Structures are given as structure tokens and as C-alpha cells.
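There are 2 protein chains.
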Amino acid sequence: MEFISKRGIELPPSPIRKLAPFADDAIKRKIEVLHLNIGQPDILSPVESIQSLANYSEKLVKYSPSNGNLSLRESIATYFQKNNLQVDSSDIIVTNGGSEAIIMSFFAITNPGDEIIIPEPFYSNYFSFAHITGVKIVPVTCTIETNFILPEISEIEKKVSPKTKGILICNPNNPTGVVYSKEQIEELIEIAIKRNIVILADEVYRDFIYDKLTHYSLLNWDTKEIQERVIIIDSFSKKFSLCGIRVGFLITKNKAILQTCLRFAQARLSPPSIGQYMAEEALKTSNEYFIKVNNEYSERRDILMSEMSQIENLKIGRPSGAFYALIGLPIKNAENFCEFLLKDFSLNNKTIMLAPAEGFYINKHLGKSQVRIAYVLNKDKIIEASKILKEALKEYRE
Amino acid sequence: MEFISKRGIELPPSPIRKLAPFADDAIKRKIEVLHLNIGQPDILSPVESIQSLANYSEKLVKYSPSNGNLSLRESIATYFQKNNLQVDSSDIIVTNGGSEAIIMSFFAITNPGDEIIIPEPFYSNYFSFAHITGVKIVPVTCTIETNFILPEISEIEKKVSPKTKGILICNPNNPTGVVYSKEQIEELIEIAIKRNIVILADEVYRDFIYDKLTHYSLLNWDTKEIQERVIIIDSFSKKFSLCGIRVGFLITKNKAILQTCLRFAQARLSPPSIGQYMAEEALKTSNEYFIKVNNEYSERRDILMSEMSQIENLKIGRPSGAFYALIGLPIKNAENFCEFLLKDFSLNNKTIMLAPAEGFYINKHLGKSQVRIAYVLNKDKIIEASKILKEALKEYRE
Numbered sequence: 001m002e003f004i005s006k007r008g009i010e011l012p013p014s015p016i017r018k019l020a021p022f023a024d025d026a027i028k029r030k031i032e033v034l035h036l037n038i039g040q041p042d043i044l045s046p047v048e049s050i051q052s053l054a055n056y057s058e059k060l061v062k063y064s065p066s067n068g069n070l071s072l073r074e075s076i077a078t079y080f081q082k083n084n085l086q087v088d089s090s091d092i093i094v095t096n097g098g099s100e101a102i103i104m105s106f107f108a109i110t111n112p113g114d115e116i117i118i119p120e121p122f123y124s125n126y127f128s129f130a131h132i133t134g135v136k137i138v139p140v141t142c143t144i145e146t147n148f149i150l151p152e153i154s155e156i157e158k159k160v161s162p163k164t165k166g167i168l169i170c171n172p173n174n175p176t177g178v179v180y181s182k183e184q185i186e187e188l189i190e191i192a193i194k195r196n197i198v199i200l201a202d203e204v205y206r207d208f209i210y211d212k213l214t215h216y217s218l219l220n221w222d223t224k225e226i227q228e229r230v231i232i233i234d235s236f237s238k239k240f241s242l243c244g245i246r247v248g249f250l251i252t253k254n255k256a257i258l259q260t261c262l263r264f265a266q267a268r269l270s271p272p273s274i275g276q277y278m279a280e281e282a283l284k285t286s287n288e289y290f291i292k293v294n295n296e297y298s299e300r301r302d303i304l305m306s307e308m309s310q311i312e313n314l315k316i317g318r319p320s321g322a323f324y325a326l327i328g329l330p331i332k333n334a335e336n337f338c339e340f341l342l343k344d345f346s347l348n349n350k351t352i353m354l355a356p357a358e359g360f361y362i363n364k365h366l367g368k369s370q371v372r373i374a375y376v377l378n379k380d381k382i383i384e385a386s387k388i389l390k391e392a393l394k395e396y397r398e
Numbered sequence: 001m002e003f004i005s006k007r008g009i010e011l012p013p014s015p016i017r018k019l020a021p022f023a024d025d026a027i028k029r030k031i032e033v034l035h036l037n038i039g040q041p042d043i044l045s046p047v048e049s050i051q052s053l054a055n056y057s058e059k060l061v062k063y064s065p066s067n068g069n070l071s072l073r074e075s076i077a078t079y080f081q082k083n084n085l086q087v088d089s090s091d092i093i094v095t096n097g098g099s100e101a102i103i104m105s106f107f108a109i110t111n112p113g114d115e116i117i118i119p120e121p122f123y124s125n126y127f128s129f130a131h132i133t134g135v136k137i138v139p140v141t142c143t144i145e146t147n148f149i150l151p152e153i154s155e156i157e158k159k160v161s162p163k164t165k166g167i168l169i170c171n172p173n174n175p176t177g178v179v180y181s182k183e184q185i186e187e188l189i190e191i192a193i194k195r196n197i198v199i200l201a202d203e204v205y206r207d208f209i210y211d212k213l214t215h216y217s218l219l220n221w222d223t224k225e226i227q228e229r230v231i232i233i234d235s236f237s238k239k240f241s242l243c244g245i246r247v248g249f250l251i252t253k254n255k256a257i258l259q260t261c262l263r264f265a266q267a268r269l270s271p272p273s274i275g276q277y278m279a280e281e282a283l284k285t286s287n288e289y290f291i292k293v294n295n296e297y298s299e300r301r302d303i304l305m306s307e308m309s310q311i312e313n314l315k316i317g318r319p320s321g322a323f324y325a326l327i328g329l330p331i332k333n334a335e336n337f338c339e340f341l342l343k344d345f346s347l348n349n350k351t352i353m354l355a356p357a358e359g360f361y362i363n364k365h366l367g368k369s370q371v372r373i374a375y376v377l378n379k380d381k382i383i384e385a386s387k388i389l390k391e392a393l394k395e396y397r398e
């Protein structure tokens with residue numbers, strides 16, 4: 001490892017990555033692998049967005065402004081206004097996916113060694129963003145037994161130290177599917193004001209809410225006192241099944257934070273121009289698209305829950321949003337089980353790939369027997385996958 | 001500046017940015033501003049690349065692999081092989097422009113506080129990449145009097161300390177247009193081997209070489225001893241006038257460096273899919289495109305040099321590559337002069353925007369009276385711009 005930096009060596013590899021060679025090997029053995037391990041939706045992108053490529057009329061694909069095209073930022077603002085959330089185009093910086101929006105925000109509000117509080121389990125790439133920016137993640141533990149709701153406010157406040165710069169929530173949540181209630185968010189706001197820290201709200205799954213629940217965006221609390229400490233993270237990736245265009249954005253009404261993020265944005269010149277063009281077209285998609293997509297995910301969730309309830313001794317976190325569920329398995333080591341699924345098991349020449357949940361926790365032991373299931377496959381496949389899980393659990397011996 | 005981190009406050013703003021409000025104001029006063037200040041080429045992107053968008057047939061724009069599509073990496077490898085440089089698709093990571101390739105490389109080989117040696121003047125965003133990664137830039141000063149060639153090898157070696165992890169060269173150079181000779185590069189290699197450090201070669205302008213010179217890529221020295229310490233940075237932005245697609249790449253045959261960069265690449269999921277599709281199409285562009293583009297830039301360079309030679313008391317760095325020239329003006333403060341050009345001067349209702357060279361130096365005073373001219377406008381406009389410069393210098397009083 002000559003030449004490699006300590007921070008390079010210590011950057012955690014993607015937790016799913018470890019299993020990839022076993023999946024490749026299964027495919028070589030002609031086993032069909034049902035991928036429930038990643039957040040790549042199978043729902044098609046809006047046709048209008050892709051068809052619009054044929055009308056792209058620029059002869060020179062230039063850099064866009066570092067904060068993104070004004071026309072796209074205006075369209076994003078309009079989208080929020082339609083949802084009764086007051087956003088102005090000047091509150092927005094367009095980024096290389098939601099990932100970059102989080103990295104920029106961390107840079108803007110923390111120095112190396114500073115702390116960000118995050119409810120665990122959390123999206124595993126938060127580990128990487130924290131590592132890259134030298135941030136220490138302080139977890140607030142949520143448990144499958146209480147369906148991953150936030151603990152008592154006093155428990156959260158205990159985590160705030162002089163080094164704490166912010167609280168990051170993902171709502172609806174990846175990996176748990178939990179949608180935070182109005183009251184829970186109000187408690188977080190109370191802490192943020194009292195302890196003078198920022199709230200970062202990763203709302204990339206904001207359009208996927210089930211059971212007729214209401215999604216409370218941090219933008220809902222529109223007083224200056226609150227908005228000056230709020231950064232919203234959003235993206236076109238999941239909203240419109242456009243993961244590959246790499247267009248996300250951040251929103252903040254705190255001009256100092258915005259200007260600081262903009263300087264980071266200038267350093268990398270601009271977000272992708274063609275992706276921005278497609279994103280703008282995607283925003284013209286009719287509301288029916290969302291209704292259809294929402295229904296589809298909601299039905300998948302129902303089928304998955306119903307299938308899981310037929311397997312003995314599972315602990316099930318019931319998701320109300322996004323397209324993930326965390327399942328506690330009646331085994332000691334879920335990673336070994338995921339490996340077993342790929343290496344040693346198949347049913348009618350098929351098997352499933354799951355994400356071991358350990359990678360979503362700071363306190364690794366909490367996720368040791370859990371897996372995350374992404375319901376990004378159609379209903380028939382979800383039923384099939386559930387059967388495979390059931391049979392595999394019967395056959396698996398630790 | 002509540003909530004803003006020290007590193008956020010200290011991140012240098014783009015040096016050109018400061019002048020932007022004056023340019024905006026000039027435009028409001030109906031003054032046409034000729035932009036010689038930025039590296040956005042005016043040469044059109046290859047038509048085939050843009051037309052290919054109409055044939056994009058995916059219905060779902062997915063994440064690509066974190067290291068980029070295999071088909072694109074294979075096409076890149078073939079492009080290098082055609083230029084007699086041995087590159088394999090597995091040596092490449094596709095990035096969000098060349099910018100990200102440099103940031104990833106810095107992360108992979110340095111810890112905060114480590115040093116990278118860079119000949120100055122250098123591309124001003126290197127300051128930002130160093131700031132973001134906590135790297136200290138140690139400059140090797142090149143002067144306009146010697147047309148910005150590298151100083152004696154002993155001068156460079158003096159800069160190597162126990163904290164030095166690499167030498168970064170930009171070849172052909174932004175902002176000087178210098179193309180390093182075979183002998184100069186061999187001297188750098190000698191130091192790199194002797195002191196056991198890495199050479200990062202930013203070769204994004206590799207296709208723009210004039211006067212029938214040969215470009216010596218760091219890939220030309222293909223022994224294991226050398227290649228294990230080489231990282232090449234490249235991009236589609238300038239090569240094909242496709243700045244907006246945000247597709248660059250790094251090449252290294254050092255597998256440990258590649259794997260470490262890949263983990264950083266995984267953290268941001270993937271480079272843009274549509275940009276990669278266009279990049280692959282662009283690589284099918286016939287060699288005539290490059291010949292034409294090269295001739296165009298070469299002629300512009302000649303005209304610019306001829307015009308500049310008619311202005312008294314200029315110091316001129318004669319570029320042999322890329323599309324930049326550094327010019328020493330017979331004034332004390334070039335930044336003030338650039339402001340004057342936008343605020344207080346016009347010729348036939350036109351003026352020019354230049355980049356003050358101070359932002360390209362660590363030793364600011366060296367660039368105090370210099371400006372960078374990007375010859376990204378057609379020949380008539382370059383002649384016009386030169387006249388404006390000549391007249392403005394007559395009128396300007398410090």
C-alpha cells in the first residue's frame with residue numbers, strides 16, 4: 001500500500017461491495033440473482049424526460065453556472081411552491097446528486113473533528129461523507145422494536161456537545177422507511193434552536209409516502225429563526241427514477257451557508273448540463289406519474305409485509321415511506337447469511353441479494369442480525385424473493 | 001457568519017468571480033464584453049456526440065458503475081492505444097470532470113498537512129482542491145522571462161520534504177501554455193523515484209499542441225517502476241468542447257491507488273450516465289476534428305502573439321499548447337486594470353474581460369502585473385480584443 005494515505009486506507013468500502021463477487025459468481029453458475037440490496041428503482045424514468053433528449057438543441061455543451069441553470073432552479077422552486085413550500089430559485093444550489101449536497105453542507109458547517117448527530121441506522125454512505133470531511137458521526141439509536149421512531153428528546157439532547165454542528169435526519173428514512181411525525185420534527189427543531197445547531201434534512205424520498213400519511217418537510221416551519229438553521233437535501237434520482245443523471249440539490253435560506261456551499265460548487269465548476277436539461281423536463285411530468293409510482297411502491301410494501309409476516313421469528317420494521325424495510329432475522333450473523341444466499345442456496349435456480357444491516361449502524365452489533373430489503377422489484381418478484389428468504393432460513397445453519 | 005466553518009470561510013473564492021459583478025454591470029450599460037477570462041472553448045462540440053442523444057434508448061437512467069461504464073473505459077483505452085500509449089480499461093476511473101479526478105487523487109495519497117509540489121503559476125482551482133483536502137501546495141516558481149519552463153532540477157528537489165507526497169504538473173499548462181520537454185519530464189521522474197513520491201500529470205489539454213511539438217505524456221515512460229507512481233488526469237471537457245457533460249477520468253497502473261480512488265468513487269455512487277454516453281460517442285469523432293481544432297487554436301495563438309508584439313512594454317509568455325497565454329502588463333496592479341476595463345473603458349462599445357494572474361500564484365506578487373488571456377474567441381474577436389487592450393493601456397492611469 002505504498003503511497004496510500006491513512007484516510008484512504010480507512011475509508012470504509014461499500015458494505016454491499018463485499019458481497020458483489022459472490023453475486024457475480026452465482027450469475028456465472030446460471031443462478032438468477034434478485035437484487036433487493038440497492039436503491040436503484042426499477043420504475044421507468046418519465047418518458048418525457050428521456051424523449052426530450054431528441055430535442056436538445058445546443059451545439060456546444062457548456063459549463064452551467066456553478067449553482068445550476070437558473071431555469072432549472074426556477075422550476076425546482078415552482079415544484080416546491082405547488083407543494084405549498086416556499087422556496088426561491090436563489091435558495092438553491094444544484095449538485096452532483098444528493099451525495100455532493102451533503103458533502104458540501106458538511107464542509108460548510110464543520111471543521112475536521114466536529115460532530116453531526118444522526119439517528120442510526122442510517123444510509124451507509126453517510127459514513128463515507130463524514131470520513132471525507134473529517135466529521136465524527138454521533139448516533140442516536142433507534143430500534144426495530146419501536147419501529148425506528150426517534151427516542152425521547154432528552155436522549156437526543158444528551159448527544160449534543162460543544163463540537164456538535166448539526167443534526168442530520170433522512171425523512172422518509174433510508175434504511176428504515178420511517179416517516180417522522182410533526183411532533184418528532186418539532187422536538188428536533190427545539191433542540192436545534194436551544195443548542196444553536198443546524199438541521200440537515202435529507203428528503204430525497206419525500207415523494208414516497210404511504211398510508212395517506214403527511215410528509216413534514218423541514219421547509220414547513222417557515223420562520224426566519226428556524227429556516228436560518230435548515231439545509232434541505234434533495235435529488236432527482238429517486239423522485240423520477242433518474243439516478244444516472246446525477247442531479248441533486250440543496251436548499252437553504254441561510255445566505256452565509258449558501259454562499260459558502262457555492263464556493264465549494266465553484267471549485268468543481270458545474271453540475272452536469274444534460275442532466276439538468278432532463279431534470280427540468282422531468283419536472284413537467286404530470287402528477288399522475290407520482291400517484292402511479294406511489295401506488296406501486298405502496299402495494300409492494302404491503303405484499304412484502306404480508307409475505308414477511310408468514311415467516312417465523314422475524315422482527316419487521318414497517319416502512320411508511322421510501323422503498324426500504326429493515327428486517328431482523330432469527331440468526332446471529334446476517335452478513336454470513338447473505339453470503340450463504342449467494343454462495344450456497346438457490347430455489348428453482350434463483351436466489352436473492354440483500355444488504356446486511358451492520359453497515360447502517362455505528363454500533364455494529366445492533367445490526368448484526370438485520371438485513372435491508374429494497375422493494376425495487378415488481379410484485380411477482382417480491383413474492384418470489386420472499387419465498388426464497390423463507391426457504392433459505394430453513395436450510396441455513398450457523 | 002453563524003454556523004460557517006473555518007475551512008468554509010477560508011476557501012478561496014474563484015479569482016475571476018470578483019470581477020463578475022463589474023462584467024454584469026457593463027452588459028447592463030450595453031457594453032459588449034469579450035470574454036477572454038475563462039477556459040470555456042467556443043469551438044463546437046462534435047455534432048455526432050450531440051446528435052447521438054436522439055438515439056439514447058434506455059428507458060431507465062440508472063446509476064453507472066462507480067468507476068464508469070466498461071464500454072466507455074474500453075473506448076478511452078483504445079483512444080490512448082491509437083496514440084501509442086498503453087492503457088487498459090481496468091486502469092481507468094471515470095470522474096465528474098477532471099476536477100474530481102484531482103480531488104480523489106489528493107485524498108488517496110495525502111493526509112491533511114501533507115505537501116504537493118506544483119510549478120507556479122498554476123490553475124487557480126488547484127488552490128481549492130488543496131484546501132478541500134487539507135493539502136499544502138509547495139510552489140516551484142517559473143518565470144515569464146524564461147517562458148515558464150521548469151527551473152533546474154536541484155531547485156525542484158530542494159522543495160521535497162518528508163511531507164511531500166507528490167508533484168503535480170499540468171502539461172500542456174494552464175495558465176502558461178507551456179509544453180514540457182522530454183528532458184524536463186525525465187528530470188521530474190528522476191526526482192520522483194529518488195524521493196519516492198508520486199507524479200500527478202494533469203493532461204486535459206494534451207490534444208492541443210502547436211508548432212509540431214511532441215506531447216510527452218507521463219504514460220510514455222512505461223516501466224513498472226515509473227508507472228506505479230504515476231496518476232494521469234484527463235477530461236472530455238476541452239478535448240471535445242464538452243465541458244458541460246462533466247466527464248473526466250484518472251488513469252493509474254498502481255492498483256492500490258486505483259482501489260483507494262474507487263472507494264471514494266463509490267461514496268458518490270457514479271459519474272453522469274448521459275455524459276458518459278456522449279463521451280463514448282465523442283470518441284468516435286474522426287481525427288480531422290482534432291486537426292481542424294488544433295489548426296484553429298494554433299492560428300489564434302499566432303494572431304494573438306502578433307497583436308501583442310505590437311503593444312509596447314509587454315512581457316509575453318509564448319504558449320505552445322492549451323489555449324492560454326500569460327501576459328505581463330506595464331502596470332503595477334493587473335486586478336485594478338481588469339476592473340478598469342469593465343468599469344471605465346470601452347472602445348466602440350466593447351470591452352474585454354481578462355483573468356488577473358495573481359490567482360495563479362502562491363507568491364502573489366509574482367503575478368501582480370500579469371493577466372491570463374484565454375484564446376477561446378474567433379480570430380476577428382482576438383484582433384478586436386487586442387486593440388481594446390492596447391487602447392486601454394494608453395488610457396489607464398494608476
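Those protein sequence lines, which keep their order, are chains B and G. Its first residue numbered 1, the first sequence is counted upward by one per residue in the working numbering. Its first residue numbered 1, the second sequence is counted upward by one per residue in the working numbering. The C-beta atom is built at its ideal place from N, Cα and C for all residues, glycine as well. Since the model is a prediction, treat every value here as computed from it, not as a measurement.
- In the DSSP assignment, residue 195 of chain G falls within the unbroken alpha helix (DSSP H) covering 182 to 195.
- DSSP, read as helix, strand or coil, puts residue 235 of chain G in strand.
- When DSSP states are grouped into helix, strand and coil, residue 324 of chain B belongs to the strand group.
- Assignment of alpha helix (DSSP H) within the region 74 to 105 of chain B, counting only whole runs of 4 or more residues, yields no such run.
- DSSP assignment within the region 269 to 326 of chain G yields the following whole alpha helix (DSSP H) runs of 4 residues or more, N-terminal first: 273 to 282 and 287 to 309.
- Excluding five sequence positions before and after residue 129 of chain B, the CB atoms of its chain that fall closer than 8 Å to its own CB belong to 99, 102, 103, 106 and 135, given in chain order.
- Taking a contact to require three or more Cβ pairs closer than 8 Å, the region 264 to 278 of chain B and the region 57 to 73 of chain B qualify as touching.
- By alpha-carbon distance to residue 313 of chain B, the top candidate from B/329, B/375 and B/368 is B/329.
- Shortest Cα-Cα distance from residue 167 of chain G to any of G/194, G/143 and G/248 involves G/194.
- For the region 8 to 21 of chain G, the set of positions with a beta-carbon nearer than 9 Å to some beta-carbon of chain B reads 8, 9, 11, 12, 13, 14 and 17 in chain order.
- Remark: three or more beta-carbon pairs, one from each stretch, lie closer than 8 Å, so the region 139 to 147 of chain G and the region 109 to 127 of chain G are flagged as touching.
- Counting C-beta atoms within 10 angstroms of its own C-beta, residue 253 of chain B has 16 or more neighbours from the protein chains shown and is therefore classed as buried.
- If you compare the alpha carbons of G/59, G/369 and G/352 with that of residue 24 of chain G, the shortest gap goes to G/352.
- Around residue 281 of chain G, the same chain offers 48, 49 and 52 as residues with beta carbons nearer than 7 Å, after the five sequence neighbours per side are excluded.
- For residue 70 of chain B, the three-state secondary structure derived from DSSP is helix.
- Under the Cβ distance rule, residue 195 of chain G does not count among the residues neighbouring chain B, no pair being separated by less than 9 Å.
- Under the DSSP assignment, residue 35 of chain B falls in the beta strand (DSSP E) whose first and last residues are 32 to 35.
- For residue 11 of chain G, no alpha helix (DSSP H) run applies, since DSSP gives it neither H nor E.
- Nearest Cα to residue 33 of chain B within the set B/124, B/343 and B/283: B/343.
- The beta carbon of residue 301 of chain B lies closer than 7 Å to those of 210, 319 and 375 in the same chain, with the five residues before and after it left out.
- Rounded to whole angstroms, the separation of the alpha carbons of residue 257 of chain B and residue 173 of chain B is 25 Å.
- Boundaries of the alpha helix (DSSP H) harbouring residue 21 of chain B: 20 to 28, taken from the DSSP string.
- Contact annotation, residue 124 of chain B with residue 360 of chain B: C-beta distance approximately 6 Å; criterion of less than 8 Å satisfied.
- For residue 50 of chain B, at least one C-beta of chain G is nearer than 9 Å to its own C-beta.
- Chain-order list of chain B residues neighbouring residue 198 of chain G: 3, by C-beta distance under 9 Å.
- The secondary-structure analysis by DSSP pairs residue 167 of chain B across a beta bridge with B/117 and B/199.
- Considering only G/332, G/335 and G/298, the residue with the shortest C-alpha distance to residue 321 of chain G is G/298.
- Exclusion of the five residues before and after residue 391 of chain G leaves 347 as the residues of its chain whose Cβ lies within less than 7 Å of its Cβ.
- Per DSSP, the beta-bridge partners of residue 249 of chain B are B/94 and B/234.
- When the alpha-carbon of residue 339 of chain G is set against those of G/397, G/240 and G/227, the nearest one is in G/397.
- The bridge partners DSSP lists for residue 355 of chain B are B/372.
- Secondary structure of residue 223 of chain B (DSSP, three-state): coil.
- At a cut-off of 9 Å, the C-beta of residue 271 of chain B has a neighbouring C-beta in chain G.
- At least one CB atom of chain G sits nearer than 9 Å to the CB of residue 274 of chain B.
- Identification of chain G residues near residue 132 of chain B by a Cβ-Cβ cut-off of 8 Å yields 107, 264 and 267, ordered along the chain.
- Non-local C-beta neighbours of residue 272 of chain G in its own chain, meaning closer than 6 Å and more than five positions away in sequence, comprise 246, ordered along the chain.
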